[in-house]
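Numbering (the working numbering), first residue to last: 4 to 640.
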């Protein structure tokens, strides 16, 4: 995901979207936001009429199924996300964690509820990682299955070709998407134009399919399914995957470009193609083997395959970039340890590359491809994570609307109940696929939730231990006799988690080196539950006695930390931190699990392992490596 910033932004909020040009942002939004939902026609209709759904392939069911898809797009994507949820912006940002922070702030006077909403939102975020594994796999597999349509002799090459494309895609991530990103928009515009054009051609052959615009056909289709209702819904939900991206990418492009792109191009293209596939099957039921590719004349199959592959790669790229962005946000909110982050563009600060996340995703995606081996098999695993995320979004939005915006209770409760009913039906439709693969994204999400909640709780216990066993900073300074200590004419910056206790690194420096610097900065970095903290609110400076200063550097969870640059702002507060006369002292805590502590023994050991393998403070906060001194200390929890 890309957020445009100026080179000197230091992670500050980027310019408003209006300054960038509505047309350019709309084009970019089409390329990044709609790749996932745009590749759904590759497999959705085929799955609705798969044998396990029990839906007979006849004209009435074709009209009913297409009608259900169209009205699901209207109610879930258009009404819920494009019209309503895009209004719930967190200082311009959207997405699961931004919405979680917004809901948590709305109920901050009720700590138990606030903590519950935070955990609920984090669980919703972990489900995104399941989507990050399945989307590249099913999109590229669905595109490569066009090889079978070209000639059945190419069927054995579908999986190897998919693996090769995915390895190439993930290998290229380290170079960034600055160049490729310029082509995303035009390619996806062409993709939706082709979807609409080929769909319209088939509609002209079988205009009876236009009856699908009548919602009564959707109602009759669902009502006549009986116990097979959930199987049919579990297939129809494939048409909605990618809806969360509309909200998640709002901060990248703004509300208006996303809305214009959806109503002006994406929705018409999707609607025409689903209608076209229905029309094709009304005239030729044998095309159910692959109704998407069978829409094209034989001479157009190869260009269609190439275009579908490019669209699938773009859809995958958007999800991969989203996983980087989500991980960075989770680190900022304190739910994951520091990880290595590389910035791949000097102009576009939102373009990041996280090697650990990238290679973990590649291993997971390849495992998914080799295990399921077809888009039909993957369809069983796809959907449950997305629908649960949609339900969590609805719940969190209620607290934003009712507690934050103070909307009348009947309005907030009524709207929430309506969308929860739809969400519950979608979740139930996907839940019946649990044993066929739906367990996979849930198991992955649960494992990640355990890691993230353990890290959060472990950090709380670590802070409690530091406060309990540490010396009070003000008392230490009051009792200090500057004349009895050697003073070095330099500045020492002590990065600490708790600004009220004496840094262990300072105590070690006094004990072993018997020296105190002329200026001692007790530095705390705080990530707030807002996306952006502006430069004017970046630092809080407090002068203490005997050359001590307390400085808090403030970031939002979307800001890019750069501590030396932030410390330049302290000059206006009377504290000069010269770049070449400053040393950074860091306390590296070694966590010691203790029986009977604040967490189960296995969770304390897990937290200790995560803490030991956390990314370095130096790189994460962009400290000058040749001016850093690390001193270790053991902290029991």
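Glycine is no exception: its CB is placed at the ideal position from the N, C-alpha and C atoms.
C-beta atoms of residue i and residue j nearer than 8 Å
| i | j | result |
| --- | --- | --- |
| residue 317 | residue 145 | no |
| residue 683 | residue 120 | No answer is possible for residue 683: the residues shown for the chain start at 4 and end at 640. |
| residue 46 | residue 378 | yes |
| residue 430 | residue 391 | yes |
| residue 3 | residue 75 | In the structure as shown, the chain begins at 4 and stops at 640. Residue 3 is therefore absent and cannot be evaluated. |
| residue 440 | residue 375 | yes |
| residue 494 | residue 580 | yes |
| residue 400 | residue 102 | yes |
| residue 178 | residue 361 | no |
| residue 70 | residue 218 | yes |
| residue 625 | residue 536 | no |
| residue 80 | residue 243 | yes |
| residue 468 | residue 640 | yes |
| residue 384 | residue 288 | no |
| residue 299 | residue 372 | no |
| residue 262 | residue 89 | yes |
| residue 251 | residue 24 | no |
| residue 388 | residue 448 | yes |
| residue 139 | residue 169 | yes |
| residue 248 | residue 321 | yes |
| residue 237 | residue 57 | no |
| residue 507 | residue 489 | no |
| residue 455 | residue 295 | no |
One or two residues paired with residue i in a DSSP bridge
| i | result |
| --- | --- |
| residue 545 | 553 |
| residue 559 | 531 |
| residue 520 | 491 |
| residue 498 | 526 and 589 |
| residue 639 | 595 |
| residue 327 | According to DSSP, which records beta bridges pairwise, residue 327 is partnered with nothing at all. |
| residue 345 | 356 |
Residue from the options with nearest C-alpha to residue i
| i | options | result |
| --- | --- | --- |
| residue 133 | 366, 547 and 518 | 366 |
| residue 29 | 188, 277, 123 and 40 | 188 |
| residue 511 | 482, 588, 441 and 418 | 588 |
| residue 307 | 391, 207, 148 and 501 | 148 |
| residue 99 | 246, 472 and 637 | 246 |
| residue 124 | 423, 173, 336 and 165 | 336 |
| residue 544 | 550, 537, 554 and 538 | 554 |
| residue 558 | 455, 153, 569 and 607 | 569 |
| residue 560 | 576, 427, 530 and 575 | 530 |
| residue 476 | 516, 552, 406 and 109 | 552 |
| residue 176 | 628, 92 and 363 | 363 |
| residue 418 | 157, 206 and 402 | 402 |
| residue 284 | 150, 214, 64 and 166 | 64 |
| residue 116 | 36, 406 and 54 | 406 |
| residue 77 | 270, 36 and 411 | 270 |
| residue 426 | 397, 192 and 404 | 397 |
| residue 393 | 428, 414, 411 and 380 | 428 |
| residue 258 | 225, 95, 193 and 607 | 95 |
| residue 484 | 461, 525 and 548 | 548 |
Cβ neighbours of residue i in the same chain (closer than 6 Å, five flanking residues each side left out)
| i | result |
| --- | --- |
| residue 641 | The structure shown does not extend to residue 641, since the chain spans only 4 to 640, so no value can be given for it. |
| residue 528 | 556 |
| residue 268 | 195 |
| residue 617 | 340 and 341 |
| residue 601 | 464 |
| residue 359 | 342 |
8 Å contact criterion, which residue i and residue j should meet: CB distance rounded
| i | j | result |
| --- | --- | --- |
| residue 572 | residue 541 | 6 Å |
| residue 235 | residue 73 | So it is not a contact: roughly 15 Å between Cβ atoms. |
| residue 152 | residue 304 | 6 Å |
| residue 67 | residue 223 | 6 Å |
| residue 310 | residue 197 | 6 Å |
| residue 33 | residue 264 | 5 Å |
| residue 509 | residue 497 | 5 Å |
Beta-carbon proximity list for residue i, same chain, < 7 Å, skipping 5 on both sides
| i | result |
| --- | --- |
| residue 611 | 594 and 596 |
| residue 642 | Because the chain spans 4 through 640 in this model, residue 642 falls outside it and cannot be assessed. |
| residue 128 | 99, 100, 329 and 333 |
| residue 182 | Model confidence at residue 182 stands at a pLDDT of 49, short of 50, so the residue's coordinates are unreliable and nothing is read from them. |
| residue 628 | 621 |
| residue 633 | 589 and 591 |
| residue 205 | 279, 282, 283 and 298 |
| residue 635 | 591 and 593 |
Any non-hydrogen atom of the ligand FMN closer than 7 Å to residue i Cβ
| i | result |
| --- | --- |
| residue 513 | You won't find the ligand FMN in this model; it holds no ligand whatsoever. |
Same chain, Cβ closer than 8 Å to residue i, five either side skipped, listed in chain order
| i | result |
| --- | --- |
| residue 421 | none |
| residue 505 | 473, 474, 475, 476 and 479 |
| residue 460 | 601, 602, 606 and 610 |
Test: residue i CB closer than 8 Å to a CB of chain C
| i | result |
| --- | --- |
| residue 312 | The chain labelled as chain C is not found in the depicted structure, where only one protein chain is given. |
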